[in-house]
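Peer 1: Can you keep this structure in mind? I'll have questions shortly.
Number of protein chains: 2
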Amino acid sequence: MLVDSCIVPYVYSFSHKHRRPPMEYKDLLGGKGANLAEMTSVLKLPVPPGFTISTDACRAYLEGGWPVELDEEIAKHVFQLEKSMGRKLGDPFDPLLVSVRSGAKFSMPGMMDTVLNLGLNSESVKGLAHVTSDERFAYDSYRRFIAMYGRIVLGIEGALFEHPLEAARERAGVKTDAELSAEALRTLADHYLAVVQKETGKPFPQKPRDQLRGAIEAVFSSWNGARAIAYRVREKIGHDLGTAVNVQAMVFGNRDANSGTGVGFTRNAATGENVPYGDFLINAQGEDVVAGIRNTEDLDHMGKHFPEIKRELLDVFRRLESHYRDMCDTEFTIEQGKLWMLQTRVGKRTGAAALRMAVDMTKGTRGPDRTSWKITREEAIMRVAAEHLDQVLHPQFAGKGKVLAKGLAASPGAAVGKVYFTADDAVDAEERGEKVILVRSETSPEDVHGMMVSQGILTARGGLVSHAAVVARGWGTPAIVGAESVKIDGKKFTVGTVVVNEGDIISLDGTTGEVILGEMKLEAAKPPAEFDIILKWADVVRKGKLGVRANADTGEDATNARNLGAEGIGLCRTEHMFLAPDRLPVVREMILANTEAEEAAALENLRKVQQADFEEILEAMDGLPVTVRLLDPPLHEFLPSVQELRVKEAKTGLTKRELAELKAAEEWAEHNPMIGTRGVRLGVVKPGLYAMQVKALMAAAATLRAKGKKPIVEVMIPLTVTREELALARGWVQTEIDLAVKGLKKKPNVTIGTMIETPRAAIRADEIAEEADFFSFGTNDLTQMTFGFSRDDVESRMMPAYLEQGLLPRNPFETIDVGGVGELVKLGAQRGRATKPGLKLGVCGEHGGDPESINLFYEAGLDYVSCSPFRVPIARLAAAQAVISHSTGKSRTDTK
Amino acid sequence: MLVDSCIVPYVYSFSHKHRRPPMEYKDLLGGKGANLAEMTSVLKLPVPPGFTISTDACRAYLEGGWPVELDEEIAKHVFQLEKSMGRKLGDPFDPLLVSVRSGAKFSMPGMMDTVLNLGLNSESVKGLAHVTSDERFAYDSYRRFIAMYGRIVLGIEGALFEHPLEAARERAGVKTDAELSAEALRTLADHYLAVVQKETGKPFPQKPRDQLRGAIEAVFSSWNGARAIAYRVREKIGHDLGTAVNVQAMVFGNRDANSGTGVGFTRNAATGENVPYGDFLINAQGEDVVAGIRNTEDLDHMGKHFPEIKRELLDVFRRLESHYRDMCDTEFTIEQGKLWMLQTRVGKRTGAAALRMAVDMTKGTRGPDRTSWKITREEAIMRVAAEHLDQVLHPQFAGKGKVLAKGLAASPGAAVGKVYFTADDAVDAEERGEKVILVRSETSPEDVHGMMVSQGILTARGGLVSHAAVVARGWGTPAIVGAESVKIDGKKFTVGTVVVNEGDIISLDGTTGEVILGEMKLEAAKPPAEFDIILKWADVVRKGKLGVRANADTGEDATNARNLGAEGIGLCRTEHMFLAPDRLPVVREMILANTEAEEAAALENLRKVQQADFEEILEAMDGLPVTVRLLDPPLHEFLPSVQELRVKEAKTGLTKRELAELKAAEEWAEHNPMIGTRGVRLGVVKPGLYAMQVKALMAAAATLRAKGKKPIVEVMIPLTVTREELALARGWVQTEIDLAVKGLKKKPNVTIGTMIETPRAAIRADEIAEEADFFSFGTNDLTQMTFGFSRDDVESRMMPAYLEQGLLPRNPFETIDVGGVGELVKLGAQRGRATKPGLKLGVCGEHGGDPESINLFYEAGLDYVSCSPFRVPIARLAAAQAVISHSTGKSRTDTK
């Protein structure tokens, strides 16, 4: 906290002397304000003077309205600013003009951005014309100010200012605003004043202090605008931070031909190449560069007009990079031949650029005055975000398309194909050589063969753990789920008035959840060389501290995971083997069995196919541990739905087989299957099932050992709630293991553990640990039960509203809920280890691939995280970042 | 723990000197052994000598087989016994005979009971004949011993001994065993020996030590017999206690006409009257009294034969009562004119007797030697069990019937009526004046009008929180749910081969879950005068420590609850008002509304009827707090089922209205409604709903205040998971309250609180308390989520297996799971009070009426429990018992 005075002030000049470098005060000053202060007071760069109204003031305003003491503080700082500039706000002869900009801790579109030229009024505009001897400039500035203030602060529609401007150009018979005369601009300004009067019922504020307060309040209020809130939700930014406001003396890039304005990057933000890059316009204000009205020029071009200034700018760039030890993004203005730096920040970059810069900067870079600087490998690791890796790992669309619908981004990557509505149609189309997008209301095991051949999957219902989402994520197939505006009707779907028929082409962006009509061009995934370098460095950092495994159910997935750096399998879901089209009938035989002999025969058939599956997986993970979870889902998931059968019965009657299936489906149907007869409870109902699975697993391991391989098997019991339950299940498993290793000279070490996925298991982990060799926290289910949120129901229906209304800071299924679920994970880890200090602990929920959650798991003392193969690189990086954060106390820099 | 020697022995003689009174060593000696030791070593009553093999030995045996050191200890005690009796086991001239009896801490049918006459063999029987000069007696004893040992220890079918006995009687042409000659009995004994050889392949053990070890092992093993386990599950007795074994010198009530045997109660166990009561047989062994072969005589009659012994026995009774300070149950034997006490224990008693004795004993009773004794009121309270109150509160069947099927005992009490299978048929029948039992697969809101007119409800599916169970319990209607053997098929049901047609009479015992074919006679509920006395004393004890409220949803229920002693309503479920037949259409209008206007109109209609409901309830609870929970269940519960509509659509097509209902039902259908869009989440989806409810509630309160009443309103938000959620909902509620009290001079104090029913809410109770005036723990849902047990699915399918296999010690929906859910309740209470020390805490799950759970809630510091009206007396008693237990450290005596 600041301790400069007894009462912490609300307003700080850029040159305020802080106890620590101002760039560390982003919480208080916002990013923009902190960096302006850093440039002014530490780097001594040419920055127009000004002051920052702190986020404290914003929070106070949002809670209780305009703080009384704020007026006085602002007045004091305005007075100082006027003194240092030798001009006064609203002075009718030589007015000071200021810009007002928002600046939150994190850059945030959707908030009020900028008001320029504040301080002009119908009197001072004349003074400006006089002192600049440029009436045209003065009225151009005034009309810009009125329009900007009217639109942004007073909420008047922009078109009401645009149309008169167009009309003025037409009247004058010119194409650009720059060609309008002073007279035309004065008339326009008068017209704008009338627009404001008409729209607001009040005259345009003429007193600069009223203008200033209006602009500041508008910034404060925009913090809670709908777009800003939505952005914070998406970017996981806290709603309680508030924004700062920066008030800065204006400099004019549109003063004359010896002036200009631009944005500059100290390196190329797209490629990462160590070459400065910028866009520049002569005789223009900043908004012109952003608006793209005129074609900008690059820095080389600028150097032709302003060779001295270019040298000065490149020196500033070097100083900034050397100071921030990172690529910086800047805005600058040249006013009548003098360079002014308007703002800077550590620049955003693409995934490829992030990787390249991070590696490059460890090699040493020339700074100002013959110095040089470099970053450590740890710092390099901290410079790369999960999103950066995602970008280079998945194909992306080459451009932007028109979004037809939006759903939950269930599995990242981009896909293009023809729409089909049934699994069978999808398979037929694929056999004809078409690229297929499968569109379903939701998917079930019966759709798996169609999902398998699809480029991408789109569902209208379901959450991020729905069947479609989980299966797609497991395979790395792009998928969007819960796109509620998609209405499927036979072999077409509609979104609003748009109809998409079977065979029409759509494009899915599984990273953003966007459905695009028509064919988008794809860019293949192409991780640069630095990808492997950074991940190898990350592995060194996290080695022995936090392992990374993958969730994989097939040999192919396992191979894929291993190639991406997985150090084992943390979750092999055996039900996925049951769902394969050739297995499902056998599973049904088992469920429908009328006699023990029939059941035993069906189990024996399943055993054979399971053994083959296990062999593939163990072979792919040779020498690395493979955690096999025994069957978990409720049995009715393997049967047709009761409703479908009942409807068919009403329509056409049922075959004998279908009648048997109906009976079984009704018997096994549950009101709340997610908290029904699942997991180890299945084992209690059908003990032969688990025995069969262990038998298959042990036989697979034996086959591999015979081939000279080193299978490492861990058997995991799902959904345990009591020690006694685990002891019973452990007994079944141990019996099969003992049978399998009987007579072996060297007994393989097969460990037996359990998922911790009910709140009770976490609370009573002390008891459960007595029967477990390891725990794996199933944070998906743990989140469902801790909140009482059924993902399939709550996530698509409630979550958007919950996030937007701030009822939850994050979607707890994406990032672990630290205060609730996270506390249970920590409790479970602590109590488990209290009983058994060497207890191995892992996590295999989807949180295992989420960087922030990984950080909590590291804190909780877990040995490894396990995630879908495609998240393994991200998990390796995030694990290293967690380790570094905890040893340095610093978290990752935001550069995505 | 015993510290008599360094190694704690496995065997203790009855006269062993313990550090504390032997009756306190029931854990170690079992109930029977402890009481035998008490009578022997403390009371110095005439008890045949013997010894007890401890439960430690049993546990050791069950874990690791026969403990090696046990042989030696038994041998030592047998030697001492032989010495004190001056006879030896198996002595061919004058043999010592012993009885071997099981004796666990709690009396437990299903375990091996008794083997008499052990020590006889084909040699010693002759010695016995010789020393008693009674060959007939000796061979009668021998044949009894072989049969008993063969049946109980060797597991031979009883019929194999019964048939030869019948044949012998026929051969001899006599009617009773007593008439058989010595010769006939000897032949019979030889025959029995042959039966044993044939059935076991081995000769009958002739060595007394083998006999003894066999009998002891049989007792140990019977601890884990199926019936014993089932009994422990039902009676909530731990599976790890083990049983003790008592070996005692035989005395013979069948010695001659100067002998006899009997059972005696120090008071009347049926009525509680302070008059000793007993059954007696001359010249008989104990088993004859129990078997009921001959008609027994009472104590008066016995006094005619044995006036001295009767006086002696009554003196023993007085000494026992005075010593145990309670009614005792005894077994005694007279051998040739001498009285022997074979065992005693505090006697079981009916509900009415328990109440009467408890009150009587506070008044003072004459003891032996002109002393007198009495118990305190606290002790009296501790003498009455919940089951005792249940017995006197609900009608009971007058006798025992043949059980047709068994289900979950969902709502206590007995009911008789004609079977109907639809709600409409039930209503028609009731209008014809019939008594109705509604039988359904499961019930839904559409069945409510039929349930309302039924004497009892039987469902084939569903758990203890299914719709049928909850509604029936709320009304006090007897109900059995989840009776899976009941197969409903149109207008009949079958159980196995028995068919029950519409209109057939069945009887339901909702206290035991038994369905009985035909009409059982009912005894009305008739609480004796002592019922009120005990409960008033209980109220005094718990006053200011633990309040008792009721869960009630109608004025009638509220009145009922108040009459039963409820101090307010802890849970008024507003959805029950929505489900009434005249309300359901209006609720559907609201859900189906296409426009805001339609929705508002439907809400307005609901508001009016809700207001009337609230007025009734508030009037019934005038001056006492009423906690109204805003709407909780998922909306699809108010709609017809999708499947029914889809089937109807396939069969006959749907009306326009039905199509609209189908669309809505599909929209609101959920995969896991229990953890879906419920509770406060509904408020987020349809904010007008909660506002309407609060408006109705406030209007009702205003109406009552206008009548001079004192309504006390508490508004409760269900299913909260975050502080922010509660703050939002609190806002809606507060807005309506503010509107309602605007302009009032004296603002009524309406508090706003929340259910704590998700694990997250309990964990983050510190934050949630910031927005809550009170918490009410919803332990039903909390149990569902903590375990991941959907009651509707798991309870009927898994729970019996889980309890029998010891995977759970109790059904956690009946008695709170102390280690898991209980810990969350304690954590929630502690964290809530850490934020707000005065936070009012209650519980409104069904555990609120369960004595053991009430004990935990008192420990957790809760202010009140709330339960269904019919459980209120039980809760008042249990609350007082919890208070007394915690102040004295003693828990309730088991006298049920």
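Sequence lines, in order, name chains A and B.
Numbering-wise, the first sequence is residues 423 to 1318 according to the working numbering.
Numbering-wise, the second sequence is residues 423 to 1318 according to the working numbering.
For each residue, glycine too, the CB sits at the ideal point set by N, CA and C.
None of the values given here were measured: they were computed from a predicted structure.
Measure from the C-beta of isoleucine 1097/B to each C-beta in chain A and report whether the shortest distance is under 8 angstroms.
Peer 2: yes
Peer 1: Any residues in the segment 1198–1220 of chain B with a beta carbon nearer than 8 angstroms to a beta carbon of chain A? Which ones, in chain order?
Peer 2: Correct list: Asp1203, Gln1206, Met1207, Thr1208, Phe1209, Gly1210, Phe1211, Ser1212, Asp1214, Asp1215, Val1216, Arg1219, Met1220.
Peer 1: Please list the terminal residues of the continuous beta strand (DSSP E) segment that includes tyrosine 842/B.
Peer 2: 836–842
Peer 1: Is it true that the segment 1045–1055 of chain B meets the segment 981–999 of chain B, where meeting means three or more beta-carbon pairs spaced less than 8 angstroms apart?
Peer 2: With contact defined as three or more Cβ pairs closer than 8 angstroms, the segment 1045–1055 of chain B and the segment 981–999 of chain B are in contact.
Peer 1: Can you tell me whether DSSP reads proline 517/B as helix, strand or coil?
Peer 2: Correct three-state label for proline 517/B: strand.
Peer 1: What would DSSP say about alanine 774/A, mapped onto helix, strand or coil?
Peer 2: helix
Peer 1: Pick helix, strand or coil for arginine 649/B, following the three-state DSSP scheme.
Peer 2: helix
Peer 1: Counting contacts by CB-CB distance shorter than 8 angstroms, is arginine 441/A in contact with chain B?
Peer 2: no
Peer 1: Per DSSP, what kind of secondary structure is tryptophan 488/B in: helix, strand or coil?
Peer 2: coil
Peer 1: Could you tell me which chain A residues have their CB closer than 8 angstroms to the CB of valine 1106/B, listed as they occur along the chain?
Peer 2: Met1220, Ala1223, Tyr1224, Gln1227, Leu1229
Peer 1: Taking alanine 1223/B as the reference, which of Ile651/B, Pro1056/B, Ser555/B, Ser521/B has the closest Cα?
Peer 2: Ile651/B
Peer 1: Figure out for me which residue from Asn668/B, Asp1054/B, Gly918/B has the closest Cα to the Cα of serine 521/B.
Peer 2: It is Asn668/B whose Cα lies nearest to the Cα of serine 521/B.
Peer 1: Does valine 1050/B have its Cβ less than 8 angstroms from a Cβ in chain A?
Peer 2: no
Peer 1: With a threshold of 6 angstroms on Cβ separation, who are the neighbours of proline 1273/A within its own chain once the five nearest residues in sequence on each side are excluded?
Peer 2: Excluding residues within five positions, the ones whose Cβ falls inside 6 angstroms are Ala808, Ala1300.
Peer 1: Of all the CB atoms in chain A, is at least one closer than 8 angstroms to the CB of leucine 1084/B?
Peer 2: no
Peer 1: CA-CA distance, serine 888/B and glutamate 495/B?
Peer 2: 55 angstroms
Peer 1: Which chain B residues sit within Cβ distance under 8 angstroms of histidine 1269/A?
Peer 2: Result: empty, since nearest Cβ-Cβ is about 15 angstroms, beyond 8 angstroms.
Peer 1: Using a Cβ-Cβ cut-off of 8 angstroms, state whether glycine 1242/A counts as contacting chain B.
Peer 2: yes
Peer 1: Return yes when at least one heavy atom of the ligand FAD lies under 7 angstroms from the C-beta of arginine 481/A, else no.
Peer 2: No copy of the ligand FAD occurs in the structure displayed, which carries no ligand at all.
Peer 1: Starting from the C-beta of glutamate 906/B, find all residues in its chain whose C-beta is less than 8 angstroms away, skip the five residues before and the five after it, and write them out in chain order.
Peer 2: Gly829, Ala882, Arg883, Ser1218
Peer 1: Would you identify the three-state DSSP class for valine 425/B, choosing helix, strand or coil?
Peer 2: Any reading at valine 425/B must be qualified, since the residue scores a pLDDT of 43, below 50, and its modelled position is unreliable; the value itself is stated next. Here valine 425/B sits in coil by DSSP.
Peer 1: Who are valine 391/B's beta bridge partners in DSSP?
Peer 2: Residue 391/B falls outside the range modelled here, since chain B spans only 423 to 1318, and no answer is possible.
Peer 1: Mind listing the chain A neighbours of leucine 1141/B? Cutoff is C-beta to C-beta under 7 angstroms, in chain order.
Peer 2: Gly1210
Peer 1: Label arginine 441/A either buried or exposed according to how many other C-beta atoms from any shown protein chain fall within 10 Å of its C-beta, with 16 as the threshold for buried.
Peer 2: exposed
Peer 1: Glutamate 1362/A to proline 489/A, Cα distance in whole Å?
Peer 2: Examination of residue 1362/A is not possible in this model, given that chain A is present from 423 through 1318 alone.
Peer 1: Would you decide whether glycine 769/B is buried or exposed? Buried here means 16 or more other CB atoms lie within 10 Å of its CB.
Peer 2: Classification of glycine 769/B: buried, given that the 10 Å Cβ count is 16 or more.
Peer 1: I need the boundaries of the beta strand (DSSP E) containing glutamate 1319/B, first residue and last residue.
Peer 2: Outside the shown range of chain B, which is 423 to 1318, sits residue 1319/B, and nothing can be said about it.
Peer 1: Tell me, please, whether the CB atom of serine 427/A is closer than 8 angstroms to any CB atom in chain B?
Peer 2: The pLDDT assigned to serine 427/A is 47, lower than 50, so where the model puts this residue is not dependable, and the model offers no usable value.
Peer 1: When the Cα atoms are used, what is the spatial distance from glycine 512/B to leucine 602/B?
Peer 2: Answer to the nearest angstrom: the Cα atoms are 25 angstroms apart.
Peer 1: If I follow the unbroken alpha helix (DSSP H) through methionine 1138/A, where does it start and stop?
Peer 2: Per DSSP, methionine 1138/A belongs to no alpha helix (DSSP H); it is in the beta strand (DSSP E), 1134–1139.
Peer 1: Give me the Cβ distance between threonine 787/B and tryptophan 795/B, rounded to the nearest whole Å; I'm assuming they're in contact under 8 angstroms.
Peer 2: Taking a contact as a CB-CB distance under 8 angstroms, the pair threonine 787/B and tryptophan 795/B counts as one, their CB atoms being some 6 angstroms apart.
Peer 1: At which residue ranges does the segment 1145–1220 of chain B contain complete alpha helix (DSSP H) runs of 4 or more residues, listed in the order of the chain?
Peer 2: 1145–1163, 1181–1185, 1187–1190, 1201–1209
Peer 1: Touch check for the segment 740–755 of chain B and the segment 676–686 of chain B: three-plus C-beta pairs under 8 angstroms?
Peer 2: Yes: the two stretches touch, three or more of their Cβ pairs being nearer than 8 angstroms.
Peer 1: Using a 10 Å radius around the Cβ and a threshold of 16 neighbouring Cβ atoms, would you call glutamate 945/A buried or exposed?
Peer 2: Around the CB of glutamate 945/A, fewer than 16 other CB atoms lie within 10 Å, so the residue is classed as exposed.
Peer 1: Looking at chain A, which residues of the segment 1130–1154 of chain B have a Cβ within less than 7 angstroms of any of its Cβ atoms?
Peer 2: So the close ones are Leu1141, Val1143, Thr1144, Glu1146, Glu1147, Leu1150.
Peer 1: Where glycine 1105/B and arginine 1253/B are concerned, what is the direct C-alpha to C-alpha distance, given to the nearest angstrom?
Peer 2: Looking at the two C-alpha atoms, the distance is approximately 26 angstroms.
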